[in-house]
Amino acid sequence: MTTNNILRDFLINNLLIADNSKKFSLEDVKTLKILRREKTEKPVIYIGAGTCGLGAGAAKTKAAAEKVIQQNGYDAEIIEIGCIGLCAYEPIMDIQLPGLNRISFSNVYENDVEDILKNIFELNVPKAYILGQFPSENKSWENVESIYEHPFFKPQKRIVLQNCGIINPVKIEEYIARGGYANYLKAIKNHSSEEICDIVEKSGLRGRGGGGFPTGKKWKFASKEKNDQKYIICNADEGDPGAFMDRAVIEGDPHRLIEGMAIGAYAIGATKAYVYIRAEYPLAIERLKIAIKQATEYGLIGKNIFETGVDFEIKIKMGAGAFVCGEETALIQSIEGKRGMPRPRPPFPAVSGLFGKPTIINNVETFANVAEIIKNGYEWYSSIGTEGSKGTKVFALSGNVKLTGLVEVPMGTTIREVIFKIGGGINFDKKFKAVQIGGPSGGCITEQNLDIKIDYDSLIKVGAMMGSGGLVVMDEDTCMVDVAKFFMDFIQRESCGKCIPCREGTKRMLEILESITKKPMNENEALERFNGIIQLERMAQVIKDTSLCGLGQTAPNPVLSTLKWFKNEYEEHIFERKCSANICTELRTFNIVVDKCTGCHACVKKCPTGAIIGSPKTPHFIIEDKCIGCGTCETVCKFDAIIVK
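Take the sequence shown: its position 326, counted from the start at 1, is 389 in the working numbering, and no numbers get skipped.
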């Protein structure tokens, strides 16, 4: 029996490997085990080649592995996989020898490859690079811990990410052999559309894109609509700074998204689907195109799927990276070929969406949960998490934290656990200051709230929100006024300009923040700075109350959050005209230490405003009124004679 026929029968019968002896020969069972990577007939080298891995040098690592294999005559296979989540340790290389567990190595650069491969082929483990081994029925490597015992992975519960960094993302056979698409066939063969909506609703799955609306309830709205055509859309635009969850899932396990969308389409009675993804994700787009082509060839996409009478087709729509297109109605406008701008609601997309037809929009992570819910039942999923927030949540952990990467934890896990247990704590063992959660629409969590549980309701109580799942960690050297200015600048530039509160209000708020992060030129300007900060909260509330869409309604959140928890820093910038973190360059004061200055004149030559005076070989001085705080003098001084106050 050919591999394709084996897998097709495997799908139709929805069998577990334990049952295969009744349907398949021993040779067929062996084929399935090889596709599951439980067995291998020759050495396999896996290279983490997601965007993060490639950025760290995975392409050079792969080229070095190919060279070593060729020079030494090894009969080995090299496979590119997605990111397993531990981005801080990229490039990651795994090796699986016949009869032995797959073993993983971190920070493998091109110069390290030969040493690792030669040792492993001689059955020696180079300890300097070891990350861990993957437990299986094969023989274990002595004195090597399970990779799942690593502090980064141990507290996690991987549902959405379970295949990322494990399987070959461009080989549908590996996904099917691990149970992929069986849940889709189970849904369309054994359940009605209404039953699927019920299962998803009872599971407690909420939308993972920001607002957290109950997914099953949302699907029911569209399911009840009577129309000749319905649509289902995946929002993979992912515009938040610091968020890369959706990209990594598509790069590492694209079929999981397709299967979830297919189940969702059946649940609402849709036959057409779109994946709206930003053009800046070329690798994700490439792998998604391959996955769609493969699923079509297997008959999982198309007409009369597996003789059930169900039709399903899927298209990719590339966006230009506009943040506003994360809003449902703006996204729909963009797919229709119009400028991405939100429209008033109602009618909601579930009633009148794409091309005026009932439409459901969810993000990648939401769809990636669906197949597992069908497989294990709503009781299983609802048993994970908290009362109002079920299941797991994927976070992109970045910023001033030791172990950056993708983290999937049960709802109810504390922020402290994610940063200090999984993330390893703050870089260089500095003091934690805050973590921005929810991107530009979210807020910051301070040290006093570190033990708050991650769920939709708890975060809102402290002025933050779940958002799509970006976690940007900040240490003691961060200026929170500058953070607020960064997010406000981002939001102001990304505003579509349709409504006045968002278009003009965010611009005024940004101007106020810019004014308090630089020195006033005169007393009138100093008074304007003071008046501006008084108006900031009032203006923020007006924008929240009167903006058309979610972008504008949440735009002031970073400012309100930092004002609430770090008001002292705003007061310091306004009244003392200084930035303790020395981040706001126009508030920095530079002084020359006379005893250290040799009068070399290097700073005089480089100062862009002529603020430094002094004769050669005599101590120099800085004219404070002329200094713009650029720091050029400090950079060029070879004698550490310039200090910042």
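We put the beta carbon where it would ideally sit given N, CA and C, even for glycine.
Going by DSSP, name the residue or residues bridged to residue i.
i, result
"F375", "G365"
"V707", "F653"
"A336", "I295, I377"
"D538", "F495"
"I637", "BP columns for I637 are empty, so no partner."
"K516", "T477"
"T422", "Y294"
"G111", "I144"
"I500", "G506, L534"
"Q196", "I166, S209"
"I489", "V464"
For the alpha helix (DSSP H) containing residue i, name the first residue and the last one.
i, result
"F549", "543-557"
"D520", "519-524"
"N432", "427-439"
"L623", "620-628"
"I259", "256-266"
"Q225", "Careful: Q225 lies outside any alpha helix (DSSP H) and carries neither H nor E."
"A285", "278-286"
"L351", "345-360"
"I183", "176-184"
"N135", "121-135"
Considering residue i, what are the terminal residues of the beta strand (DSSP E) in which it resides?
i, result
"P473", "468-473"
"E143", "140-144"
"M572", "Not the beta strand (DSSP E): M572 falls in the alpha helix (DSSP H), residues 563-579."
"C507", "506-509"
"Y244", "Per DSSP, Y244 belongs to no beta strand (DSSP E) and is neither H nor E."
"A459", "455-462"
"F156", "It should be pointed out that residue 156 corresponds to Met in this sequence rather than to Phe. Unbroken beta strand (DSSP E) run through M156: 156-159."
"S167", "166-168"
"Y329", "Premise fails: Y329 lies in the alpha helix (DSSP H), 317-331, not in any beta strand (DSSP E)."
Among the options, which one has its Cα closest to the Cα of residue i?
i, options, result
"G400", "R406, P407, V387, F418", "F418"
"D316", "A330, F430, K265", "F430"
"L163", "Y337, F284, I637, N187", "N187"
"G274", "G677, N631, E236, L522", "L522"
"E649", "R640, I655, V657", "R640"
"S167", "I210, F184, R350", "I210"
"E185", "N426, V373, L160", "L160"
"E456", "I132, T477, P412", "Rather than Glu, the amino acid found at residue 456 in this sequence is Lys. Taking only the C-alpha atoms, the option nearest K456 is T477."
"V107", "I259, L98, D540", "L98"
"T449", "D518, I606, F375, P671", "D518"
"E257", "I575, K280, I295, S678", "K280"
"G502", "G595, I675, S624, P405", "S624"
"G615", "Y339, A393, C700, E129", "A393"
"W204", "K217, F215, P189", "P189"
"D540", "P410, N645, T580, K630", "N645"
"Q40", "M572, Y137, N620, D520", "Here the chain has residues from 64 to 708 only, and residue 40 is not among them."
"E236", "P409, H683, I575, T94", "T94"
"P407", "I230, S531, T609", "T609"
"I554", "R566, I675, I377, V373", "R566"
"S445", "K708, Q396, G475", "G475"
"N231", "K217, G145, I295, K561", "G145"
"E104", "E140, M404, Y192", "E140"
"I229", "G113, V338, C562, K524", "G113"
Is the distance from the Cβ of residue i to the Cβ of residue j below 8 Å?
i, j, result
"F653", "I685", "yes"
"Q219", "V498", "no"
"F197", "R165", "yes"
"G120", "I155", "no"
"W282", "G327", "yes"
"V171", "T124", "yes"
"V263", "A347", "no"
"V546", "V464", "no"
"G243", "H318", "yes"
"G389", "G302", "yes"
"M308", "A434", "no"
"C660", "A704", "yes"
"V176", "V233", "no"
"C666", "C700", "yes"
"T695", "C663", "no"
"G118", "L224", "no"
How close, in whole Å, do the beta carbons of residue i and residue j come, if the pair is a contact with beta carbons under 8 Å?
i, j, result
"G526", "G506", "4 Å"
"D538", "F593", "Contact doesn't hold; Cβ gap of about 30 Å is too wide."
"A200", "E90", "Reading off the sequence shown, one finds Glu at residue 200, where the question assumed Ala. So it is not a contact: roughly 18 Å between Cβ atoms."
"G267", "F276", "G267 to F276, Cβ: 12 Å. No contact."
"P564", "V605", "6 Å"
"T422", "Y294", "4 Å"
Of all Cβ atoms in chain B, is any one closer than 8 Å to the Cβ of residue i?
i, result
"F215", "In the structure shown, chain B does not exist; there is a single protein chain."
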